[in-house]
Amino acid sequence: MAALEHSHDEQAFLAYVQGGGQVETTDWLPDEYRAKLIKFIEMHGNSELMGVLPEREWILRAPTLQRKLALTAKVQDEVGHAQLIYRVVEDLGKPREQCLADLVSGKAKFHNVFHYPTKTWGDVGVIAWLVDAAAIISQKALLKCSYAPYARIMKKICWEESFHILHGRDVILALVTGTREQFELVQEALVRWWPPLMQFHGNPIPKGDDPMFQWRIKSQGNEEARQQFLEGYVPQILELGLEIPDPKLRRNDEGVWEYGEPDWDELRQVVTGHGPKTEERLAFRRRFLEQERWVREVLAA
Amino acid sequence: MIFEVFRQDRKGQAFEHAGSVVAPDTEFAEAWAREQYGRRGESAALWLVPREAIHAVGDWADEFDLKYRRVDGYSIKARLKEARERASSGAG
Amino acid sequence: MNELLLGLADDELVLGWRDSEWTGIAPLLEEDVAFSSIAQNEIGHARAVYELLADDADALAFDRSPERYLCAPLVQLRLLDWAHAIARRWLYELADEIRIAALMESGDERVAGLAAKINREEAYHRMHAEMWRERLGATPRFRAAVDELWPYALGVLPASRRGALAARAGRDVVDAVERGSSDEAFRELHDEMTMVRRSAPAGAQW
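Residue numbers (our numbering), protein chains in the order written: chain A, 1 to 301; chain B, 302 to 393; chain C, 394 to 599.
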């Protein structure tokens, strides 16, 4: 009954989703909602796909059979997530081929962290543990997305991400309890990844000004997510004897984490396609997309 | 073709919709769905159904008071209390 | 027997390593996920066989010098185009099925048992390879890839079993590219495979 009530009435739709209501593909969606939804979900799909590339190199270099299997499985999950996510976008009206074309041409965006290089096995641990942790915080908030098909796939995604964090933490623990050099691998990687991690959740837009929150596509503000990340993970990092490269980082008396201002210019630059590895990774993806086009054509015939 | 995937968590449970797979035919759909929905052994079984085979039903006419068909249409508390009181005073 | 088993393990290890190169770049996302599982299974098989042969599977898998690996040249090739990758999978499964069937008859219970387990998992690999072969079989690219890889495929099996393979593939026996011809591509692979491991002293934990 509720579906009929808000049909073709944007105000009623807004009230409906702000009251916790969810919609399906077949429901009427305001144009702005549909457009913002597609862009948001598409960026998520792009991020899962581009996230594969920094880790992929290390699959080929994993130092034990167990690590090789675990890392391959983790990256496989990410490709699987991309598949789930692009299917949702496709059902909203944008074909996967178009999403991929926009990705490799630089038109569409993906998250900042996947524009940076991975330099050592230490990065492998830090990414699986902390980058995935930052991502899972956002993803858990998406479980309540007003668009139900997306909320539903988030369940599977969150479940699989929990394995990644365990794997990441295991890699880190092996290194920090290993040789002095292995400990340094983690410390050095942490120093490089901390700034992108702090930028990951985006600059602190007030919820009232964030259309994503207004439409209940996101149910959590950017700063809320960042605080959750710091609250959960700073103690875990420090207890291993690692140092976080931010002298201003502290938890104040109100339980709020204070930190050195992240470089929002850097975030903007990177996300608009000027990260250190952006061009190289897009070119790599473009190459294989082109090279294997004939396979997709044979299957479609 | 789009194939909707229904998965069964454990034997005896209902099949639940889990997502969809795009594939050229049932053979590919099966190979791919097995991996996407079962590589961790998380599914006891899968149903793959071409999307066109699904006939969706979603609107209902609910014009008249049909509460008698539902659990919330019955309020037995007051009458039950009265009946119990009668039975216990009668037994005295 | 140990050489046969080590050859099997090395084949599965290196092929699994090569197949894992497709993670993230396969022609379709759905296939990317499926193909990655195959690669993981292969590594799993290698590990199981190494564990039969030695206490430390990782040491056996990583710490030999390249010339001491017994893998077939077929699996050593870096094949980053789909026609070749699928042609290799298909040919390898044909050859491997013959090899595994023989191992299932082994007098050694542990070997026979492990071969039977591997065989059950390989059933999906064979279905997958056959499914792709049906779709790509008529394309010139695929046919050219099979032609090119055929002598390598024969090298997976001992000479006595090559006739059986040829019959299954519908082709003639030709001169095989034999085991023991470890090449530059494999040395590069081994280098990359061991680069992190070699950065810490032997026995370091990871």
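Glycine included, every Cβ here is placed at the ideal spot set by N, Cα and C. Just so you know, these numbers come straight off a predicted model, no measurement behind them.
Practice problem: Determine, using beta carbons only, whether C/E423 comes closer than 8 Å to chain B. | Solution: The residue you call residue 423 of chain C lines up with position 30 of the third sequence. Answer yes: the Cβ-Cβ gap between C/E423 and chain B drops below 8 Å somewhere.
Quiz item: Rounded to a whole number of angstroms, what is the C-alpha to C-alpha distance between A/A3 and A/P149?
Solution: Residue mapping note: residue 3 of chain A aligns to position 3 of the first sequence, counting from 1. Residue mapping note: residue 149 of chain A aligns to position 149 of the first sequence, counting from 1. Residue placement at A/A3 is flagged as unreliable, the pLDDT there being 49, under the threshold of 50; a coordinate-derived value is accordingly withheld.
Self-check item: Assigned exposure category for A/Q199 - 16 Cβ within 10 Å defines buried
Solution: As a first step, residue 199 of chain A is located in the first sequence; it is residue number 199 there, counting from the start. Of the other Cβ atoms in all chains shown, 16 or more fall within 10 Å of the Cβ of A/Q199; this residue is therefore buried.
Quiz item: Fully enclosed by the segment 511–576 of chain C, which alpha helix (DSSP H) runs are 4 residues long or longer?
Solution: Annotation note: the segment 511–576 of chain C contains the following uninterrupted alpha helix (DSSP H) runs of length 4 or greater, listed N- to C-terminal: 533–547, 555–562.
Quiz prompt | Residues from the segment 359–386 of chain B in contact with chain A, defined by Cβ distance under 9 Å | solution = Cβ proximity to chain A below 9 Å picks out G359, D360, W361, D363 from the segment 359–386 of chain B.
Practice problem: Could you tell me the distance, in whole angstroms, from the CA atom of C/R554 to the CA atom of C/I491? | Solution: If you number the third sequence from 1, residue 554 of chain C lands on position 161. If you number the third sequence from 1, residue 491 of chain C lands on position 98. Going by the C-alpha atoms only, they are around 8 Å apart.
Self-check item: Proximal chain C residues relative to A/Q76, where beta-carbon distance stays under 8 Å
Solution: Within the first sequence, residue 76 of chain A is the residue found at index 76, counting from 1. What A/Q76 touches in chain C: T416, D425, V426, S429, S430, Q433.
Quiz item: With 16 other CB atoms within 10 Å as the buried threshold, where does A/S47 fall?
Solution: Walking along the first sequence from the start, residue 47 of chain A turns up at place 47. Buried is the call here.
Practice problem: Under 7 Å between beta-carbons, which chain B residues line up against C/H521? List them in chain order, please. | Solution: For the purposes of this step, residue 521 of chain C is taken as the residue at position 128 of the third sequence. The answer, in chain order, is A332.
Quiz item: With C-beta atoms as the reference, is A/Y304 less than 8 Å away from C/L422?
Solution: Chain A is shown only over 1 to 301; residue 304 of chain A falls outside these bounds and no answer can be derived.
Practice problem: Could you tell me which chain B residues have their CB closer than 7 Å to the CB of A/T25, listed as they occur along the chain? | Solution: Numbered from 1 along the first sequence, position 25 holds the residue referred to as residue 25 of chain A. Within chain B, no residue comes near A/T25; the closest Cβ sits about 10 Å away, beyond 7 Å.
Quiz item: When DSSP labels each residue in this structure, what does B/L347 get in the three-state scheme?
Solution: As a position in the second sequence, residue 347 of chain B is number 46, starting the count at 1. In this structure, DSSP gives B/L347 an extended state, which the three-state scheme calls strand.
Practice problem: Return no unless some Cβ of chain A is closer than 8 Å to the Cβ of C/G493. | Solution: Stepping through the third sequence from its first residue, residue 493 of chain C is reached at position 100. Residue 493 of chain C is actually Ile in this sequence, not Gly. Among the residues facing chain A, C/I493 is not included, as its CB has no counterpart in that chain under 8 Å away.
Self-check item: Cutoff 6 Å; reference C/S429; Cβ partners in own chain excluding five residues on either side
Solution: As a position in the third sequence, residue 429 of chain C is number 36, starting the count at 1. If we look at C/S429 and ignore the five residues flanking it on each side, its Cβ neighbours are T416.
Exercise. Between the Cα of A/E184 and those of A/I165, A/L240, A/C145, A/V298, spot the shortest distance and give me the residue it belongs to.
Key: Position 184 of the first sequence, counted from the first residue, corresponds to residue 184 of chain A. Checking every option, the nearest Cα to that of A/E184 belongs to A/L240.
Exercise. Could you confirm whether any beta carbon from chain A is found closer than 8 Å to the beta carbon of C/R536?
Key: Residue numbering aside, residue 536 of chain C sits at position 143 when the third sequence is read from its first letter. Contacts with chain A at 8 Å (Cβ-Cβ) do not include C/R536.
Exercise. Would you be able to state if there are at least three C-beta pairs under 8 Å between the segment 457–472 of chain C and the segment 516–530 of chain C?
Key: Taking a cut-off of 8 Å on C-beta distances, the segment 516–530 of chain C does not touch the segment 457–472 of chain C, as fewer than three cross pairs fall below it.
Exercise. Rounded to whole angstroms, what's the CA-CA distance from A/M154 to A/L49? Just pull it up for me.
Key: For the purposes of this step, residue 154 of chain A is identified with residue 154 of the first sequence, where counting begins at 1. For the purposes of this step, residue 49 of chain A is identified with residue 49 of the first sequence, where counting begins at 1. Roughly 16 Å between the two C-alpha positions.
Quiz item: Can you check whether the CB of C/D451 is closer than 8 Å to the CB of A/L242?
Solution: Here residue 242 of chain A corresponds to residue number 242 of the first sequence, with the count starting at 1. Here residue 451 of chain C corresponds to residue number 58 of the third sequence, with the count starting at 1. Cβ distance not < 8 Å, so A/L242 and C/D451 don't count as in contact.
Practice problem: Pick out whichever of A/C145, A/K107, A/H201, A/Q187 has its Cα sitting closest to the Cα of A/D132. | Solution: As a working note, residue 132 of chain A is residue 132 in the first sequence. Nearest C-alpha to A/D132: A/H201.
Quiz item: Between C/H583, C/A593, C/W483, which lies nearest to C/R561 when the distance is taken from Cα to Cα?
Solution: The sequence position of residue 561 of chain C within the third sequence is 168, counting from 1. Nearest C-alpha to C/R561 among C/H583, C/A593, C/W483: C/W483.
Quiz item: Thinking C-alpha only, which one of C/L550, C/A552, C/D540 is nearest C/A476?
Solution: As a position in the third sequence, residue 476 of chain C is number 83, starting the count at 1. The closest CA to that of C/A476, considering only C/L550, C/A552, C/D540, is found on C/D540.
Quiz prompt | Rounded C-alpha distance that separates C/E514 from C/A537 | solution = Start at 1 with the first residue of the third sequence, and residue 514 of chain C comes out as number 121. Start at 1 with the first residue of the third sequence, and residue 537 of chain C comes out as number 144. Roughly 29 Å between the two C-alpha positions.
Quiz item: What in chain A is Cβ-close to C/E585, meaning under 7 Å?
Solution: As a working mapping, residue 585 of chain C is identified with position 192 in the third sequence. L60, R61, listed in chain order.
Quiz item: Between A/A141 and chain B, is there a C-beta pair that is closer than 8 Å?
Solution: As a working mapping, residue 141 of chain A is identified with position 141 in the first sequence. For A/A141, the answer is no, since every Cβ of chain B falls outside 8 Å of its Cβ.
Quiz item: Does DSSP classify A/A311 as helix, strand or coil?
Solution: Any property of residue 311 of chain A remains undetermined from this structure, which presents chain A solely from 1 to 301.
Quiz prompt | Euclidean distance between Cα positions of A/R216 and A/K109 | solution = Reading the first sequence from its first residue, position 216 is the one you call residue 216 of chain A. Reading the first sequence from its first residue, position 109 is the one you call residue 109 of chain A. So the alpha carbons of these two residues sit roughly 21 Å apart.
Practice problem: Kindly indicate which three-state DSSP category C/W483 falls into: helix, strand or coil? | Solution: If you number the third sequence from 1, residue 483 of chain C lands on position 90. In this structure, C/W483 counts as helix in the three-state DSSP scheme.
Quiz prompt | Reference A/W129, options A/L103, A/A151, A/A174, A/K156, closest by Cα | solution = Start at 1 with the first residue of the first sequence, and residue 129 of chain A comes out as number 129. Checked all of A/L103, A/A151, A/A174, A/K156; the closest Cα to A/W129 is A/A174.
Quiz item: Which class does B/H356 belong to by DSSP, given the choice of helix, strand or coil?
Solution: Stepping through the second sequence from its first residue, residue 356 of chain B is reached at position 55. The answer is coil: DSSP assigns B/H356 none of H, G, I, E or B.
Quiz item: Which of the residues in the segment 101–119 of chain A, read from start to end, lie with their CB under 8 Å from any CB of chain C?
Solution: Of all residues in the segment 101–119 of chain A, none has a Cβ within less than 8 Å of some Cβ in chain C.
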